[in-house]
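Position one of the sequence shown corresponds to residue 26 (the numbering used here), numbered consecutively onward.
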Amino acid sequence: MLTFGLLPSGLKKVLYRLQGNHIGRHVKLSWGSVIVCKNKFTIGDNSRIGHFTSINGRTFQMGRNCNIRSAVIIHADNIQIGNEVVISETAILRAGHRSERSSLIIDDLVHIFPSTTIDPSRLVHLKEECAVGPGCSIFTHGSYKNILDGYPVHYGDVVIGERVELTYNVFVAPGVTIGDDTIVGYGSYVNHDLPDHVMAAGLPATVKRHKEQFAPTPSEEKKEELLKDIISEFKKHLSYNGIPYTDKQIELMGCNEIILDGTTHFNLATRRCNPPKDNIAILLRRFLSRYGIRFKLSE
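Below you can see the structure in the form of structure tokens.
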């Protein structure tokens, strides 16, 4: 199987398909990348796997529009990756102790930054839109010294909630669950559960503030004002890059919806949009994500 890594993308896809694996349209398997899977695997449309990336598991499923960049290692028994997931260069997602309980589940729109280390010897579940920042570590086991000499050995699942942000160099210990919309500060050590909607930091991490203390929800009027400013900046971005547009192309409907060309609808309440049909729609979706406004694609 390792010789597959030396093949060009097109031939590699043909051979994997002949083995019964499902590889969607416009998938790119870069030179040096290799997939070793005991069972048949699935890769969704428009996904890509970068140079010298290694994926090894008993089961492997990856959704649409994913970008697994170069020099990434993903080794676990069960690997499930959703849609539009980004795993950046040199990330290591490798179970040190492989077993039937070794499982890595990554939901839609998750971003794993460079030089992260995740050990899914037990379940690691990264929920929608969470971000694992550069240099972060997530471990499901704490075992090296001899238990018969009295040293502790710990195993435990780790669950990182929706839209959680692990900033930089955060260490998450075995058995921890972090609630939705929580932010964990630089250099923190998380060795116990954290609730939803808080900012936590420290060694060990403790709750410092609740969301309404550091990020109060703006009024509808303020949201509309913010969106107008973002759309204005987007138009400047288009002009700077020499991309023609007209003001009528981009309609802001209060703070609830952005309509592009009368066809692409960005629903701000549901955070969904229909698949972009042109380059400006693709650029707008990407530009909005700079402000943390992300949209799942409607089916």
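Ideal Cβ positions, reconstructed from N, Cα and C, are used throughout, including at glycine. Treat the numbers as computed from the prediction; the structure is a model and nothing was measured.
- Under the Cβ criterion (8 Å, minimum of three pairs), the stretch 170–179 does not count as touching the stretch 137–151.
- The DSSP-derived three-state label of His-100 is strand.
- Under the three-state reduction of DSSP output, Asp-174 falls in the helix class.
- Taking each of Glu-153, Ile-60, Gly-107, Lys-63 in turn and checking the Cα distance to Asp-205, the smallest one comes out for Glu-153.
- Here Gln-86 is buried, its C-beta having at least 16 other C-beta atoms within 10 Å.
- Taking C-beta separations shorter than 8 Å and ignoring five residues to either side along the sequence, the partners of Gly-88 in its chain run Gly-69, Ser-72, Ile-106, Gly-107, Asn-108, Glu-109, Val-110, Asp-133, following chain order.
- In the three-state scheme derived from DSSP, where H, G and I count as helix and E and B as strand, Ser-127 is classed as coil.
- Secondary structure of Lys-253 (DSSP, three-state): helix.
- The continuous beta strand (DSSP E) containing Ala-226 extends over residues 223–227.
- By the C-beta criterion, the stretch 114–124 is judged to be in contact with the stretch 97–104, since at least 3 inter-stretch pairs fall below 8 Å.
- In this structure, DSSP gives Val-110 a state outside helix and strand, which the three-state scheme calls coil.
- Your pair Leu-285 and Leu-252 does not check out as a contact, with CB atoms roughly 13 Å apart and the cut at 8 Å.
- Taking C-beta atoms under 8 Å as the contact rule, Arg-315 and Pro-301 fail to qualify, at a distance of about 16 Å.
- DSSP places Leu-43 in the uninterrupted alpha helix (DSSP H) bounded by 34–43.
- Annotation note: the stretch 227–306 contains the following uninterrupted alpha helix (DSSP H) runs of length 4 or greater, listed N- to C-terminal: 236–239, 245–265.
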